[in-house]
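Have a look at the structure below before the remarks.
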Ligand SMILES: Cc1cc2nc3c(=O)[nH]c(=O)nc-3n(C[C@H](O)[C@H](O)[C@H](O)COP(=O)(O)OP(=O)(O)OC[C@H]3O[C@@H](n4cnc5c(N)ncnc54)[C@H](O)[C@@H]3O)c2cc1C
């Protein structure tokens, strides 16, 4: 593909890198305000219990304590939740998970607040905790919520399952399970809130959706929306886990109650216990195929542990359901997914949003099928992959983006040869495995998803972007700046991004769902076009020329005699007359009614896909069962690359996260009855755990509706990693492990 | 912030007085005790910081003994020339601890005093027949490492004692030592199981000295006496070593925990025993007759 | 208990303070000195490296150092790494190769890398990975950090 882009597709240096490298970037916990009080949260030490009595009187009296807050102090709505309002800001009658907030001590210092916490007394009536969906769904199980333990059930079918299986020449049934995963962003949740003299509140957040936080805080404090101002600090990673607002609600509540400034920070252990995780899930697949390897039918039963509160559980369940078929064309298919309440820590949004779970199952299943039929695992994928025009089981038709799949499989063949020829260390077994992945972009049909961003052309010639959705660290602001620079034909260095402040920034909605490159790119493109139009309109006056004699090119207005005026001159001229060029751009995902199936529940279907694949080489120590991922090649279609460095960064980080999913990370209950809640026990991959060789192949199959042909990438980077490693381990050892993480003990 | 009384003695004498007269606990590198205090694991009222006592920070050889001061950091140990040459087991154990940041602060004295079954310097010190030098109010004692540990987190150190150094005879001749540790990940890992081996060969290539020790495989770091007994005086053939290694179950008493099951640990102990022996032997064999 | 007097060199300047002995170096830097480049991520367990500073030439976790323990010593934080506005080659390389995403681990990773290069001017991949293995990063997969350290090493060696 030949193009003449100036900025798009290049490697650019992100503008926040300097401040981050010198330690000057201000994350919310780094922002210092006068007279800041500290709030510490009193958390449940039961997995499930009725609260008989909560006595805060001693804590109130402790010197240095300003106030102890319980649910009774909440002026407005006492519970919240993005999809179901089932989560109390502070538990009042019952606790449903270990670590659930029940009270909050506001004190002059952190030490005082923590000391006073110890003086709070609570009488519990312990209830038998329920930790698995299966237990929760037994007929006589205790109801964790009044509506029962089944939060959401999906039952989506296409084709004719019975017929499909009756025509299948081979039928396989396997059950897979995946574990609970912590987003593990380096910056734990925290917030800072200040009550202003004019009875308004300012809240600094580390959040994926400040505008949603604003609404929730307003409802909990019973304040009009315009009295709640949210400002985004620099964000130290989010990965889905910062879609939930829990901590900023408490900070705002504390600030409101004491009419002062209050900081609240989760420690890592709090983050483990009280913030959403990736859903543990069990997936039972029944797959029918013909002897030639073509898949005829798939029936899946999925149970997801959503923990004590709904969070984004229903939506994750939806996307998991949609992605069970992976990258394959399956004519007869049914998925039944139960999203179930338990007394586990809550599960919610996390990078992949259901796809890591579904892909572990389907991609292992493809290898199992290949083995059963004595076929090559690449060939069997070639037979079944989606092609443009194919329908997935939600009846969405896949567009040209599916052209990436055959290319991914061809790369698998090449890399497989290369990896298989590598020498194996003495005493080790080596193996190669791969997996494809399908991820969707966007929030799904019927979910309001529009995203607005603002551009202002300043008199100094720079263009200011008010990005309405937060930069989480992934490089969103950078790609937005690049798209603007490209559109306006001016240097990338002239675009700057403002701090996100709900007072001055338009609502860009939530940063999530691999949707931001597409949405923000399209929105700022529209805004840039609009700026150019405005400038041309003003240039008519300035030059005395008619509109059709003027055009805009690379920062200049050019007339029919090739006379140039620089945009900067125009802007300066307008500034003298107090005119500022400003434009908002709004974008949404297209769900054209004629091609968007309407038979599904809200949030379904997703209509735009991205595909990728990864191939891994492992070495296994057969005596110790340890697995080392020595090589990995990640092949991802991103449409038009915007920032090459950023694309690689996403993939490298995704592979690390996928490797943790495959081999290291898990959050079980310890023998002492408590959840794993620290980095001592929850093992993130370190620099030494990364493959010695990590190659990245970027495919650029353009998405016509995306900015310059770009599409989303963030989530898919980790989706194939887990099954690719599991398949490689099986290739090396002959052992088919059907759960994650794969542990040394599984291989002995 | 933690709530403690803090002392900064300048001499060991002062330390002893503080130990007797306060309820202070010794603070060396702090890499173990500070996280524990923060977690509320023990109610520490006072800390006696050893950082001003330079005389505890050394690695030296005197009269055929190698002696390491209690406040020598893991970094000091892994970088000491004499240790690199003569006791690779200890060097690799120190090198395997945590990460650079941990090793720059954590000390050998803290590691031993902790008496964690997973303390990585313990197995190599055990196979080196090390002694622990303890200063008490009444004098100095040298205690064999084999008598030092009495249970998880428990040693013979009393609250008023300070461990001042560890020492062992400089191993010479056709000898070799090794340390192998199995963790759950490659970087920054606490051991699931570890094995240290020390071997010495006679002129016929038979094992005239052999010692093995295990970490994370029993309530304390332990010696592998049974395995040793089965190999002493024999040629270290693979067959001999395999047969002997199988018997390590009589020396260890692994538990199941978050990191691994008891049966896995036992399997790891057998495998690591053979590999540790092979590694130590290859060093011994390099020396020649 | 009462405050203690602590004197040390912080970012090339002698300082002398009276502070509570229960403060960790991390808490002291962040709350008393307003130096917020060092971060708390793991909650004071020494497991993440986000609070890494250089103490007497070695990378250490400032969450595991009590303030009294730096008395008489020398501490460099990320804020003190660039000399007269000139970035350290490690900082420059981290920025240029894209080793920085969310940036929360960056100050610690930069300082750990700097300490490595002070001791091992010509590190290989294994040396670098070893040196960074105490610095958790959830965004980058470490790949670009390793690349950045190689680049910085080359620049430092050429300058000699
Ligand atoms: C991230 C991390 C990773 C780690 N990884 C490992 C690992 O892989 N392997 C391993 O073995 N350990 C590991 N540790 C534990 C710890 O770092 C080591 O045990 C270290 O050697 C402890 O030494 P210290 O000087 O820091 O001890 P401190 O924390 O200062 O003291 C530990 C204990 O010993 C006592 N003590 C200290 N010095 C003396 C003395 N001279 N006389 C008597 N008592 C004394 C103290 O009172 C305290 O009870 C790790 C720790 C962390 C934080």
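Protein chains in written order, with our numbering: chain A, 1 to 748; chain B, 1001 to 1289; chain C, 2001 to 2160. For glycine and all other residues, C-beta sits at the position ideal for the given N, C-alpha and C. This one's a predicted model, so the numbers in the text were calculated from it and none came from an experiment.
Mind checking residue i: buried by the 16 CB within 10 Å criterion, or exposed?
i: residue 753 (chain A); result: Nothing about residue 753 (chain A) can be read from this structure; chain A reaches only from 1 to 748.
i: residue 1013 (chain B); result: exposed
i: residue 493 (chain A); result: exposed
i: residue 266 (chain A); result: buried
i: residue 468 (chain A); result: buried
i: residue 2007 (chain C); result: exposed
i: residue 686 (chain A); result: buried
i: residue 2036 (chain C); result: buried
i: residue 763 (chain A); result: Since the displayed chain A opens at 1 and closes at 748, residue 763 (chain A) lies outside it and no answer follows.
i: residue 502 (chain A); result: buried
i: residue 2012 (chain C); result: exposed
i: residue 1159 (chain B); result: exposed
i: residue 1 (chain A); result: Because residue 1 (chain A) sits at a pLDDT of 48, beneath the cut-off of 50, its placement in the model cannot be relied upon, and the point is left open.
i: residue 226 (chain A); result: exposed
i: residue 367 (chain A); result: buried
i: residue 2072 (chain C); result: exposed
i: residue 750 (chain A); result: One cannot answer for residue 750 (chain A) here, as it falls past the ends of chain A, which runs 1 to 748.
Return no unless some Cβ of chain A is closer than 9 Å to the Cβ of residue i.
i: residue 2125 (chain C); result: yes
i: residue 1045 (chain B); result: no
i: residue 2006 (chain C); result: no
i: residue 2069 (chain C); result: no
i: residue 1181 (chain B); result: no
i: residue 1268 (chain B); result: yes
i: residue 2089 (chain C); result: no
i: residue 1264 (chain B); result: yes
i: residue 1114 (chain B); result: no
i: residue 2151 (chain C); result: no
Under a CB-based cut-off of 9 Å, is residue i close to chain C?
i: residue 1057 (chain B); result: no
i: residue 1121 (chain B); result: no
i: residue 1008 (chain B); result: yes
i: residue 267 (chain A); result: yes
i: residue 1051 (chain B); result: yes
i: residue 1186 (chain B); result: yes
i: residue 186 (chain A); result: yes
So is residue i in contact with chain B if we call contact Cβ pairs under 9 Å?
i: residue 2163 (chain C); result: The first residue shown for chain C is 2001 and the last is 2160, placing residue 2163 (chain C) beyond what the model contains.
i: residue 2112 (chain C); result: yes
i: residue 689 (chain A); result: yes
i: residue 2122 (chain C); result: no
i: residue 122 (chain A); result: no
i: residue 2022 (chain C); result: yes
i: residue 115 (chain A); result: yes
i: residue 2016 (chain C); result: no
i: residue 676 (chain A); result: yes
i: residue 2045 (chain C); result: yes
Look up residue i in the DSSP assignment and say whether it is helix, strand or coil.
i: residue 1164 (chain B); result: strand
i: residue 145 (chain A); result: coil
i: residue 1219 (chain B); result: coil
i: residue 724 (chain A); result: helix
With residue i and residue j assumed to form a contact (beta carbons below 8 Å), what rounded beta-carbon distance in angstroms separates them?
i: residue 1207 (chain B); j: residue 1166 (chain B); result: Not a contact, Cβ separation roughly 25 Å.
i: residue 40 (chain A); j: residue 113 (chain A); result: 4 Å
i: residue 1212 (chain B); j: residue 1127 (chain B); result: 6 Å
i: residue 535 (chain A); j: residue 552 (chain A); result: 6 Å
Answer yes or no: the CB of residue i versus the heavy atoms of ligand 3, is any distance below 8 Å?
i: residue 687 (chain A); result: What this structure holds is ligand 1, not ligand 3.
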